[in-house]
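**Student:** Encoded as structure tokens, here's the structure I'll be asking about.
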């Protein structure tokens, strides 16, 4: 049987009976553990994604066959079809696949169509994808839009419609609804803010948490 809990401003604002310390610890574990995993996972995924798109992709595009964009359908200066890049750095191995990348020199922007990034480490792996995305080459800011999903090999899944990365402040955020699931726990909110410097994540707005199992607590 599942039960839901709604909070006002942030996920950690639950009022629990003081006579049940076990329940309090359990609630905190249910809330904090997914948040720490999400924070770490997004930190790794976004860092690798930014290296791929703003660095490697731009550099390797000079060696990849690039086709001038067709004026009737796009104002892009160049188009790279069937993008597929793989590289290994230290103990991190990654792969980027995209249907297409378009370079807009005047705007300083690179657009991606259906990007998928796989990140592998010795103890965990991640996959991030969306329908489309933009990278600003000067600021290295990133936006991934439409059906954005982040999954890990331990069952964590984050879903939203847009994720934005601000490189100067190392801030990842969205004001779109988010849904986070893992091991039967479901957390939903109207936004997400991740501080990469502190490695913390916070679900914004009116938050709803649903748990499938509750511990036995002595009266």
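Residue numbers (this note's numbering): -17 to 201. For each residue, glycine too, the CB sits at the ideal point set by N, CA and C.
Report the rounded CA-to-CA distance for residue 125 versus residue 154, giving the unit in angstroms.
**Tutor:** If I take the Cα positions, the gap works out to 10 Å.
**Student:** Can you tell me the Cβ-Cβ gap for residue 166 and residue 194, rounded? I've got them flagged as a contact below 8 Å.
**Tutor:** So it is a contact: roughly 3 Å between Cβ atoms.
**Student:** For residue 62 and residue 91, I'd like the C-alpha separation in whole angstroms.
**Tutor:** Approximately 14 Å, taken between the alpha carbons.
**Student:** To which residues of the same chain is residue 123 closer than 7 Å at the C-beta, ignoring the five residues directly before and after it?
**Tutor:** For residue 123, where only same-chain residues beyond five positions count, the Cβ hits under 7 Å are 147, 148 and 149.
**Student:** Roughly how many angstroms lie between the CA atoms of residue 58 and residue 83, to the nearest whole one?
**Tutor:** If you take the alpha carbons of residue 58 and residue 83, they lie about 10 Å apart.
**Student:** From the DSSP output, read off the bridge partner residues of residue 100.
**Tutor:** Note: residue 100 sits in a beta bridge opposite 77 and 109.
**Student:** Below 8 Å on the Cβ atoms is my guess for residue 161 versus residue 143; work out the distance and round it to an integer in Å.
**Tutor:** With 8 Å as the limit, residue 161 and residue 143 do not qualify as a contact, their Cβ atoms being about 10 Å apart.
**Student:** If you follow the beta strand (DSSP E) that residue 177 is part of, which residue opens it and which one closes it?
**Tutor:** 173 to 177 is the extent of the beta strand (DSSP E) around residue 177.
**Student:** Quick one: Cα of residue 110 to Cα of residue 182, how far?
**Tutor:** Answer to the nearest angstrom: the Cα atoms are 19 Å apart.
**Student:** Would the beta-carbon of residue 143 be found less than 7 Å away from any heavy atom of the ligand GTP?
**Tutor:** The ligand GTP is not part of the structure shown, which contains no ligands of any sort.
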